[in-house]
Amino acid sequence: MPWRRQGGVECENGRMSAVWTEQEPSFLPATAERKIERENHKLEKRLCRLVGQAIGDYNMVEEGDKIMVCLSGGKDSYAMLDILLKMRQRAPVDFQLVAVNLDQKQPGFPEHILPEYLKALGVPFHIEEQDTYSIVKDKIPAGKTMCSLCSRLRRGILYRVADELGATKIALGHHRDDMLATLFLNMFFGGKLKGMPPKLVSDDGKHMVIRPLAYVAEKDLVRWAEVREFPIIPCTLCGSQENLQRKQVGLMLKEWERKFPGRLDNMLHAMQNVVPSHLADGTLHDFKGLTATGVASDDGDKAFDHEDFPAPGLLPALQVIKL
Ligand code: SF4
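Quick note on numbering: the sequence shown equals residues -3 to 319 in my numbering.
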């Protein structure tokens, strides 16, 4: 158990000054420590359950798979590897994991952190060193966003590495909130009802990409990263601005969840429960050829009525979807 830092403000001779003290965990009352341990244990169980559920629902892992786990040094990919390692011990099928990090040669990238972490874990790993940073800096005029070219280069390199390693699946650390944010970004800016799938075939048609954290809330990953003390590598080394639109949509989702707990799980559930006849895409539903059947249906559109939804105060209790 690590030492804890405690911050505060002290008043001395009428002047306020910030103080930081190191405090041993034994200062915490035993009951408080037990409560934290219980909460952490519950969190671990929840993460394993949700990852297991997503793997099962989408048949993400099969006997004999070699899964390339893409590790960026951020909280999500650390957590993905951590949970997959736990699950492998009790999985009914046999599969291998190989962690892969792409060192893009960004200035200040602490290249020792991931190898040291992975060696300590005893996980097979590969660090691919490719100076995409210089290429991107060279090609993109100063002040323009570099992310699109950078991700394209990264994608191509990772597909090649997957081939070289003989990986049958590529695992990415996107979580529930990433999937929902993408859904809204596509609606707001792309004019498409299109999210981020838990499993897909890569754009080159050769690789199976899986997202084992598809059901996991970001806030659980933030907490798990604290619990496990992952050696997080900052993602701002390239100096590029984070995607502002994605950031704003992320804040919007957080705010909704704060006001209406359960809303994000409900939205994820909605992504799994699409009703093409109640949207407006003529390629998914034959609106032109519709004819009255003469048979009543409870699922049918009442046409003249507004649908009833629970009052906001009742929303969480009524609508939280248990995943
Ligand atoms: S933030 Fe930096 S490293 Fe990430 S995709 Fe954009 S340019 Fe590449």
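Built from N, CA and C at the ideal position, the CB exists for glycine as well. Note that the coordinates shown come from a computational prediction; the quantities given were computed from them, not determined experimentally.
Rounded to the nearest angstrom, the Cβ distance from L98 to I63 is 17 Å, too far for a contact under 8 Å.
The nearest non-hydrogen atom of ligand 1 is less than 8 Å from the C-beta of S236. By the Cβ test, the stretch 106 to 120 is in contact with the stretch 220 to 239, since at least three Cβ pairs between them sit closer than 8 Å. Short note on S147: C-beta closer than 8 Å to some heavy atom of ligand 1. In this structure, DSSP gives L93 an extended state, which the three-state scheme calls strand.
Cβ neighbours of L249 within its own chain (closer than 7 Å, five residues either side excluded): D173, L176, A177 and L260.
Annotation for K202: Y155 and D159 place their beta carbon closer than 8 Å to its own, counting only its chain and skipping 5 residues before and after. Relative to the Cα of R148, the nearest Cα in the group D199, L81 and L247 belongs to D199.
DSSP, reduced to helix, strand and coil, places L189 outside both helices and strands of the structure shown, so it counts as coil.
For the pair K165 and M263, the CB atoms are not nearer than the 9 Å cut-off. Taking the C-beta atoms as reference points, P208 is found no nearer than 9 Å to A163. In this structure, the C-beta of C231 approaches ligand 1 to less than 8 Å from one of its heavy atoms. Of the candidates A50, S73, R45 and P25, the residue whose Cα lies closest to the Cα of R224 is S73.
Partner residues in the beta bridge of C66, as assigned by DSSP, are V96.
With distances taken between CA atoms, K133 lies nearest to S236 out of G60, L161, S236 and G296. Between L67 and F105, the C-beta gap is not smaller than 9 Å, which leaves the two residues out of contact. Ranking K188, V96, R45 and E35 by CA distance to the CA of V65 puts V96 first.
Between K284 and G290, the gap from beta carbon to beta carbon reaches 9 Å or more. For F121, the enclosing beta strand (DSSP E) starts and ends at F121 to E125.
In this structure, the alpha-carbon of G60 lies about 28 Å from that of E125. Closest in alpha carbon position to G186, among K135, C143, R242 and W220, is R242.
Beyond the five residues adjoining it in sequence on each side, M76 comes within less than 7 Å, by CB distance, of V65, A167, G169, P208 and L209 in the same chain, given in chain order.
For the pair I79 and V47, the CB atoms are nearer than the 9 Å cut-off. Per DSSP, the continuous beta strand (DSSP E) segment holding K165 begins and ends at K165 to A167.
In this structure, DSSP gives K71 a helical state, which the three-state scheme calls helix. Taking a 10 Å sphere around the C-beta of R150, we find 16 or more other C-beta atoms and assign the residue as buried. Taking the Cα of E251 as reference, the smallest distance to any Cα among L233, M183, P137 and K215 is reached at K215. Exclusion of C44 from the 8 Å shell around ligand 1 follows from its C-beta lying no nearer than that to any non-hydrogen atom of the ligand. In this structure, DSSP gives L249 a helical state, which the three-state scheme calls helix. Pairing Y54 with K190 gives a Cβ-Cβ distance that is not under 9 Å. Going by beta carbons, M204 and V197 fall inside the 9 Å limit.
The beta carbon of R42 lies closer than 8 Å to those of D216 in the same chain, with the five residues before and after it left out.
When the beta-carbon positions are compared, K71 and V245 stay at least 9 Å from each other.
Following the DSSP letters along the chain, one finds M175 inside the alpha helix (DSSP H) bounded by residues R172 to L181. In the three-state DSSP reduction, I229 falls in the coil class, being neither helix nor strand.
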